[in-house]
Structures are given as C-alpha cells and as structure tokens.
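Line by line, the protein sequences are chains A and B. Residue 1 is where the first sequence starts when you use UniProt numbering, and the numbers rise one by one after that. Residue 1 is where the second sequence starts when you use UniProt numbering, and the numbers rise one by one after that. From the three backbone atoms N, C-alpha and C, an ideal C-beta is built for every residue, glycine too. Below you'll find the structure, written out as structure tokens, and then a few comments.
Number of protein chains: 2
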Amino acid sequence: MSNEEEIRIREDELSAGVPADIEVQHPADAAETIEGLDIAEQVKFIKQLPIRDAADSIAEMEGRDQIELFKNLNRGLGARIVEQMSPDDATDLLEGLDEELRHALLNRVAAEERAELKTLLTFDPDTAGGVMNTEVVILDQDLNVDQAIAKIREEVEDKEIPYYAYLTDKKDRLVGVVSLRDILLAKRGAVLKELVKTQSLITAGYNMDKEEVAHLIARYNLLAVPVVDFGNRLLGVVTVDDVIDIIHEEASEDMQAMVGAGADETTDSPWLYSVRMRLPWLIINVLFSSVSAWVVHLYEGNIAEMAVLAVLMPLVANQAGNTGQQALAVMIRQMAMERFDRKRAWLAVLRELRIGLVNGVIISVLVFGVAFAITGKIPLASVLAVALGVDMLLGAFAGAAIPLLLKELGRDPAQASSIFLTTITDSMGFFFLLGLAGLILLV
Amino acid sequence: MSNEEEIRIREDELSAGVPADIEVQHPADAAETIEGLDIAEQVKFIKQLPIRDAADSIAEMEGRDQIELFKNLNRGLGARIVEQMSPDDATDLLEGLDEELRHALLNRVAAEERAELKTLLTFDPDTAGGVMNTEVVILDQDLNVDQAIAKIREEVEDKEIPYYAYLTDKKDRLVGVVSLRDILLAKRGAVLKELVKTQSLITAGYNMDKEEVAHLIARYNLLAVPVVDFGNRLLGVVTVDDVIDIIHEEASEDMQAMVGAGADETTDSPWLYSVRMRLPWLIINVLFSSVSAWVVHLYEGNIAEMAVLAVLMPLVANQAGNTGQQALAVMIRQMAMERFDRKRAWLAVLRELRIGLVNGVIISVLVFGVAFAITGKIPLASVLAVALGVDMLLGAFAGAAIPLLLKELGRDPAQASSIFLTTITDSMGFFFLLGLAGLILLV
C-alpha cells in the first residue's frame with residue numbers, strides 16, 4: 001500500500017499547514033493516487049487540496065472516476081474546480097455527467113467561464129471543436145515583436161501551451177501562426193505579419209473528425225493545430241498531448257471493436273460494463289456461427305459416412321481464418337494511420353490476394369504431403385488441400401475487403417470485422433471441404 | 001497523375017531559376033510525391049532540390065523508400081544530404097543501409113557530424129538513445145536570463161525543437177530544464193538555476209525502451225524528455241513527434257503480431273516481404289490446428305455415430321474463440337498503454353474470468369433454449385450448452401492470461417497470441433463437446 005502511505009505523508013504536510021507544491025507530485029501521479037482511494041477518501045483528499053492542484057489532478061483521472069467523484073463532491077466545490085480546469089478538460093468532464101448535475105455545476109460557475117463552457121459543449125466531442133483548447137494566445141498581426149513579447153508576458157500564465165501565438169486581422173480571421181522561437185529570433189521592431197508572409201497555414205475546421213486532426217498533427221510534426229470556423233475565425237487549438245490520447249484511444253477502439261469488445265473498455269472498466277458491451281456481439285457471433293453450423297448440417301450425411309471429414313474441418317476453418325486476420329490487421333492499421341484513399345485501398349486488397357494466393361499454395365502443398373503421408377490416400381489429401389487453399393485465398397480477400405466495405409457503408413471499418421471474417425472463412429471452408437468430399441470421395 | 005503534375009511544375013520553377021521555397025510544399029507532402037515516382041525520377045528530382053529541402057523531404061519518407069533511393073544516389077550527394085538531416089533521422093536512415101554503403105557515406109560526411117553519427121549508431125535503435133535527437137540547447141545553470149536569451153538567439157536556428165533549454169553544471173550533469181516560456185516570463189537578470197530549484201526532473205536513461213519513453217511523455221504531457229547516461233550527463237532529447245511515431249508503430253506491431261503478420265508490415269511493404277513474414281506463423285498455425293484435429297480424431301467414432309456433433313463443433317469453437325479474443329484485445333491494449341504491474345495484471349485476469357463466466361452462462365442458456373426448440377432433445381441441448389459455457393470461460397481465461405504468460409517468459413505479449421488462444425479454445429471445445437456427448441448421449 002505504498003500509495004496510501006504517500007497520501008498520508010501528503011495529508012500530514014497539508015494539515016501541518018505546509019503549502020501544497022504542485023512539484024511534490026505530478027498531477028498524473030496524483031490522479032493515480034486518487035483513483036486508488038475509496039470514494040469517501042477521494043472527497044476528503046480533494047477537499048484538502050488547493051483548488052488549482054485539485055483541478056490539475058482531476059483532469060488527469062479516467063473519465064469514469066471523474067464522474068464518480070463529482071457525484072459525491074459538493075456542488076460549490078465542484079464548480080470551483082471546473083472553473084480552474086482548462087476548458088477542454090472541463091468540457092470532457094461535463095459531457096460525462098448527467099443533465100441535472102451538469103446544469104447544477106454550470107450554474108455555479110462564474111459567468112464568463114460558463115458562457116465558454118456552454119459553447120464548447122455544443123461541439124461534437126469526436127470533432128476538432130470537441131477536443132480543442134480555447135486558451136490561445138492571439139495577437140493582432142499589426143503588433144511588432146516587442147509589443148508581442150509584452151503581451152505574451154502578460155497573458156501567458158493563464159494559457160496552457162503558449163508555444164505558438166496566433167495572428168488575426170481586424171475581423172478576427174486567422175492570418176498566421178508564430179512560435180515563441182520565431183519571436184525570439186525576429187529583429188527588434190519587426191511587425192508580426194511580416195513574419196508569416198510566406199506561410200501556408202495548416203488549420204482544422206471545427207467539425208473535422210478528431211482522428212483526422214491527429215493525422216494532421218502527426219503528418220506535419222506539429223505541436224498544435226488551430227481550429228477555425230467557416231469564416232476562418234480562430235476558435236481554439238488542438239495540442240499534441242491531446243493527440244497522443246486520441247491515437248491511443250483509436251488504437252484501442254480498433255483492436256477491441258474488431259472482436260466485438262467495447263471500444264472504450266480498459267481493464268479498469270467496471271466488469272458489468274464489459275459484459276454489457278460484449279454480450280450483443282457474442283449473440284451476433286452465435287447467430288453468425290449458426291450459418292457455418294447450417295452448412296455442416298447440409299452435409300451431415302457425408303460426415304456420417306466419413307467421419308474423418310469432421311477431423312479436417314477445424315484445420316481448414318482455422319487456417320483460412322488466421323490468413324484472413326493477418327490481412328485484416330494490416331488493412332485496419334493502414335486505415336488508422338493514413339487518410340483514406342479509395343484507389344490505394346483497393347490496390348491493397350489486390351496485394352493481399354496475391355499474398356493469400358502464394359501462402360495458400362505453399363500451405364496446401366505442405367498439407368497435401370503430410371495428409372498423404374499419414375493416410376496414403378491421394379483423393380482425401382487432394383480434397384483437403386484444395387479446400388484449404390481456396391478458403392485461404394478467400395480469407396485473404398475477405399480480411400482485406402471487409403474493412404473497406406464497412407467504410408464504404410459509412411461504418412467503423414474495424415467494428416466486428418473479425419466476426420464477419422470468421423463467418424465467411426468457416427462456412428465457406430466447410431462448404432468447400434464437405435462439398436468437394438461429396439463430389440470426389442463419396443461417389 | 002496529379003502528383004506528377006505538381007512535380008513538373010516544381011521542376012519548371014527550379015529550372016527557371018526560381019529559388020526553391022520550402023513553404024511551397026511541406027516536406028511530408030514532398031516525401032509522398034517522391035515516393036510516387038520511379039527510382040530514376042526520384043534521383044533526378046532530389047538532385048535538383050537544394051540540399052536542405054532534399055534532407056527534410058527524405059527524412060519524411062518511409063524507411064524502405066529511403067534505402068532504395070540512397071542505393072541509387074551518388075555517394076557525394078548522399079553524404080551531403082546526410083549531413084543536413086537531423087542526427088536522429090540520419091541515424092535511422094544509416095541503420096537501414098548495408099554495411100558497405102553506410103561506411104562509404106559516413107566517410108564522406110564532415111568529421112564533426114561523422115563522429116556524432118558514429119556515436120548515435122552505437123545505441124540500440126529500440127531505446128531512448130536510439131531515437132533521441134542530439135540537437136539540444138544546453139545552457140550553463142549560472143547564466144542569467146538575458147545571457148540565456150542571447151545564447152538561444154545565436155544557437156536556435158540549428159536546433160530542431162528548441163522549446164526547452166537544458167541546464168547543466170560544470171561537469172555537464174543535467175540539473176534542470178527551462179522552457180522558452182519560463183525564460184520569457186522570468187525577471188530580467190534572474191539566474192537560470194533559480195528557475196529550476198524546486199523542479200523534479202523527468203529523465204530517461206539512454207537504454208530505456210523507446211516504448212517506455214513514449215509512456216513517460218504521454219503520461220506527463222511533455223513535449224520532450226531528456227536522455228541521460230549513468231552519470232546523469234545529458235546525451236539528447238526524445239521529442240513528442242517521434243513519440244507519436246513510436247505509438248503508431250507499437251499499435252501496429254501489437255495488432256499484427258497477434259495474428260502472426262509482420263510487426264512492421266504496411267500495405268506498402270513489398271508483397272513478398274509479407275509472404276515471408278506471415279508464412280512461418282501460418283505453418284505454426286497448421287501444426288497447432290492439428291492438435292484440435294487430433295482431438296476430433298480421438299472421437300471420430302462418436303461423430304460417425306452422431307453426425308450432428310460435427311454441426312455443433314464450429315459453434316462451440318467459434319464462440320469461445322471470440323470470447324477469448326475480446327479478453328485478449330483489452331489486455332494487450334492495457335499492456336501497451338500502461339507500465340506493467342504484475343499484481344494489477346493478474347487482477348485483470350480475474351476480471352476477465354468474471355466477464356467470461358457471466359457471458360458464458362447467458363449465451364449457454366440462450367443456446368440451450370434454441371437447441372431444445374429445434375431438436376426437442378434435452379440431453380443434446382444440455383451437452384451443447386455445457387460445452388459452450390465451459391469453453392467460453394476457458395477462452396476468457398486464456399485470452400487474458402496468454403499475453404501475461406508471454407510477458408513473464410520475456411516474449412512480446414502480443415506475438416501469435418491469437419494463434420495460441422484459438423488452439424486452446426478449439427481443441428478444448430471439441431474435447432468438452434465430443435467427450436460429454438460420449439458420456440451422456442452415446443451410452
């Protein structure tokens with residue numbers, strides 16, 4: 001229980017009147033400490049922290065734990081903490097709360113912050129507007145460098161990541177961005193707009209999907225990207241630390257959605273939440289598996305006559321399924337990392353077909369050899385090898401094509417893709433194996 | 001072919017003596033343009049670019065394309081480009097080249113850069129030392145703020161991301177870090193070491209795994225983390241843009257390794273490379289599937305007597321496999337995002353067991369109902385339901401435990417985990433179903 005020890009030390013310090021120093025524990029570490037406490041202790045701990053530290057630590061907690069904590073915190077304190085959080089973190093938190101609590105907190109927040117939070121809450125949380133930070137240093141393009149430095153010195157303490165300052169014209173339209181480095185390097189007296197004359201600015205529309213924003217930042221090695229409305233007015237910025245979270249989330253979503261687990265599940269989710277997320281897909285999986293079972297049922301007579309076919313069934317199904325999943329994994333990762341390009345995507349399907357063909361032929365030849373060596377029966381070994389090879393080729397095609405089809409249908413390319421894939425490779429594998437056996441072995 | 005058009009325009013500009021402006025095309029876009037050309041055109045294009053632009057663009061290209069290009073570039077030009085690349089990018093490139101070409105290039109690089117690159121090449125590319133950038137602003141802790149600003153102005157053009165400056169003592173030991181913001185905000189005349197007095201500095205040892213470094217930066221929302229040797233001397237920094245690449249790579253590695261595709265495969269990899277990466281795992285999958293086939297073979301008599309068992313086999317295997325993959329996906333993502341904590345990890349296995357138990361019971365009851373409704377046979381429906389439920393529970397356990405076991409054995413937790421899982425759920429599913437059927441239905 002080293003966590004609890006740390007807290008006790010900290011509580012002692014606090015109760016001894018030692019001013020809390022945010023350097024004592026990084027907010028990310030404090031958040032973990034808090035999450036390890038039971039809810040009554042959490043409330044007690046938060047109450048003893050300076051509001052600013054409480055806000056910083058809570059911002060680093062998991063969404064689910066934040067919600068639980070705020071349900072148990074008195075609303076006045078809650079509102080003061082919300083005021084101190086950076087607006088994007090506060091918005092994330094408020095979005096998770098139920099209607100009633102959200103309103104109660106908002107009504108207690110100071111008018112200026114309330115107006116800002118209400119605006120932020122209107123944006124779709126999965127878009128640039130929903131993840132942006134509104135604490136931006138904005139400078140009039142007509143200021144000179146020295147005026148800019150004075151303005152930054154004055155404003156900077158309030159702003160989260162003032163590595164860039166954004167230049168606007170008289171109508172608040174974004175005209176350029178300068179880094180603190182640019183300002184430091186510029187000649188004394190230079191006018192800001194001169195610094196950005198040849199700049200081709202990368203911006204995100206407020207309704208751009210947050211994963212697209214992440215791609216922009218990753219592709220161009222940016223620390224932040226400005227978010228603008230239709231009139232090119234600056235609304236805020238998405239910063240690279242938020243992008244790291246988006247990329248992590250996206251990878252989890254893809255991997256988990258593929259097999260029908262909840263996109264946002266972690267090992268810390270309440271286990272009943274996981275049950276609820278996964279059960280529908282398991283039921284769908286039963287229904288889909290029934291298709292494969294039904295195919296086998298059609299050939300029950302063949303199996304009764306020749307039970308060895310049942311021995312070979314899992315071999316074919318499994319191998320084709322694995323082949324397909326290799327293609328599926330590579331396609332889904334590609335779609336996660338690059339902007340979608342229809343032509344390149346279908347070329348990638350062709351590529352997978354080629355890989356599936358070669359691997360299918362090699363594995364089929366190997367399996368034919370082993371099957372013949374064991375049974376001494378060329379027809380049986382041939383039926384197995386052909387069913388296996390054809391099903392592997394089909395698996396490669398299906399694995400590559402399923403995420404594209406889902407995408408074309410406007411769905412998440414990963415969602416349940418592994419379940420769809422297995423249904424195809426299982427049912428068609430059984431059809432090839434048992435059907436061929438009926439034609440060749442049982443005449 | 002809009003890509004080629006763009007280049008032609010650009011080539012015209014160049015040949016017309018228009019000075020190349022890096023703002024014309026971002027290096028990331030230029031890299032994509034170059035990758036779309038055939039190799040002779042690539043060489044021609046690079047030759048016409050100013051060295052600095054060539055270096056920036058090449059740094060953004062995929063490793064495989066970089067290598068191909070350098071094989072075809074004359075070595076004098078190649079060396080001049082390497083000199084202009086940031087040392088971390090240059091090291092990545094050189095690492096991919098064959099011995100002979102690497103030496104030929106290094107010998108043509110200016111002595112100072114050569115010495116630095118040779119040092120960087122000694123670090124394991126998967127560690128902090130292997131991904132760090134050595135272009136760091138280092139300030140003596142005894143300088144005051146104004147001296148610091150003068151020094152930064154002088155140095156900063158050469159350095160890649162000078163948002164932080166690092167303070168060292170007389171023995172080159174790292175004592176703290178200041179951001180440009182800190183310096184801008186500080187009182188005139190303040191001595192740097194005063195600014196970092198209460199700082200608890202986060203550093204990475206040069207041999208820290210690069211994924212650990214990524215965790216540090218993500219956890220503490222850093223823009224860069226300093227890399228130090230055993231004596232706490234500053235060697236370089238890992239910056240957040242490199243971390244984004246590491247996180248992307250890691251996610252691809254996990255998802256692809258799970259099913260036995262190459263960890264670094266993309267849809268742009270040569271297809272024969274993918275064949276070579278996947279084939280060994282497909283062969284292992286055949287061998288493992290043979291275990292399941294062998295289990296069925298043990299019960300061939302039961303199937304001959306009662307072919308409907310073969311109909312039920314895919315249902316049980318598929319459902320338990322899917323249950324296990326849900327657990328597997330959540331565990332692997334957790335291990336990718338958090339530092340490994342043995343106790344928490346095994347608690348997560350318990351959590352998965354609980355989820356598997358509840359989902360297993362619910363699905364079993366449903367399947368029992370449906371099977372009874374269709375066949376009217378309680379014993380048959382019971383055998384199916386019990387085999388299914390038990391195998392799902394086993395799947396949940398195996399899916400959660402396999403990555404932990406792999407980790408404990410010092411292996412990659414994701415590697416082939418899906419293949420191991422399916423072997424267990426298939427073979428044991430068949431064992432439960434056919435074994436129970438033998439005990440209950442066929443007496």
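Helix, strand or coil at residue i according to DSSP, with G and I counted as helix
| i | result |
| --- | --- |
| B:Asp-229 | coil |
| B:Asp-426 | helix |
| A:Thr-239 | strand |
| A:Asp-412 | coil |
| B:Ser-292 | helix |
| B:Val-191 | strand |
| A:Ala-204 | strand |
| A:Ile-259 | Here the sequence assigns Val to residue 259 of chain A, which means Ile is not the residue at that position. A:Val-259: coil per DSSP, three-state reduction. |
| A:Val-175 | strand |
| A:Asp-93 | The identity of residue 93 of chain A in the sequence shown is Leu, whereas the question assumes Asp. Three-state result, A:Leu-93: helix. |
| B:Asn-302 | helix |
| A:Leu-167 | strand |
| B:Asp-29 | helix |
| B:Thr-119 | helix |
| B:Asn-221 | coil |
Beta-carbon contacts of residue i that lie in its chain and below 7 Å, excluding the five residues immediately before and after
| i | result |
| --- | --- |
| A:Glu-23 | Because the pLDDT of A:Glu-23 is 41, which lies under 50, any placement of that residue in the model is unreliable, and the number read from its coordinates should be weighed accordingly. Hits under 7 Å: none found. |
| B:Val-390 | Phe-432 |
| A:Glu-116 | Pro-87 and Thr-134 |
| B:Leu-441 | Met-306, Pro-379, Leu-380 and Val-383 |
Neighbour flag for residue i against chain A, beta carbons, 8 Å
| i | result |
| --- | --- |
| B:Glu-194 | no |
| B:Gly-36 | no |
| B:Trp-271 | yes |
| B:Thr-122 | no |
| B:Ile-7 | No answer about B:Ile-7 holds up, because its pLDDT of 33 lies below 50 and its placement is not dependable. |
| B:Leu-184 | yes |
| B:Leu-282 | yes |
| B:Ser-418 | yes |
| B:Asn-221 | yes |
Burial state of residue i (16 or more Cβ within 10 Å)
| i | result |
| --- | --- |
| B:Leu-439 | exposed |
| B:Arg-333 | buried |
| A:Pro-226 | buried |
| B:Asp-98 | exposed |
| B:Ala-437 | buried |
| B:Pro-280 | exposed |
| A:Asn-72 | exposed |
| B:Asp-146 | exposed |
| B:Ala-414 | buried |
| B:Gly-321 | buried |
| B:Glu-250 | buried |
CB contact check: residue i to chain B, cutoff 8 Å
| i | result |
| --- | --- |
| A:Ala-293 | yes |
| A:Leu-180 | yes |
| A:His-215 | no |
| A:His-103 | no |
| residue 529 of chain A | Any property of residue 529 of chain A remains undetermined from this structure, which presents chain A solely from 1 to 443. |
| A:Ala-90 | no |
| A:Thr-203 | no |
| A:Glu-23 | Bear in mind that the predicted position of A:Glu-23 carries a pLDDT of just 41, short of 50, making it too unreliable to give a figure here. |
| A:Gly-17 | With a pLDDT of 31 at A:Gly-17, under the threshold of 50, the modelled position of that residue is not reliable, and no figure is offered here. |
| A:Gln-66 | no |
| A:Ile-152 | yes |
| A:Leu-279 | yes |
Residue of the options minimising C-alpha distance to residue i
| i | options | result |
| --- | --- | --- |
| A:Leu-195 | A:Thr-168, A:Gly-176, A:Lys-210 and A:Ala-115 | A:Gly-176 |
| A:Met-258 | A:Ser-269, A:Val-240, A:Arg-278 and A:Tyr-273 | A:Arg-278 |
| A:Met-313 | B:Val-238, B:Gly-360 and B:Phe-430 | B:Phe-430 |
| A:Ala-371 | B:Leu-77, B:Ala-293 and B:Asp-264 | B:Ala-293 |
| B:Ile-34 | B:Glu-60, B:Lys-118 and B:Arg-52 | B:Glu-60 |
| B:Ala-224 | B:Val-243, B:Met-335, B:Gly-76 and B:Tyr-206 | B:Val-243 |
Nonlocal neighbours in the same chain, by C-beta distance under 6 Å from residue i, ignoring five residues either side
| i | result |
| --- | --- |
| B:Gln-199 | Gly-176 |
| A:Glu-95 | Pro-125 |
The ligand FAD heavy atom lying under 7 Å from the CB of residue i
| i | result |
| --- | --- |
| B:Glu-249 | For the ligand FAD, the structure offers nothing, since it holds no ligand at all. |
Beta-carbon contacts of residue i that lie in its chain and below 8 Å, excluding the five residues immediately before and after
| i | result |
| --- | --- |
| A:Gly-76 | Arg-108 |
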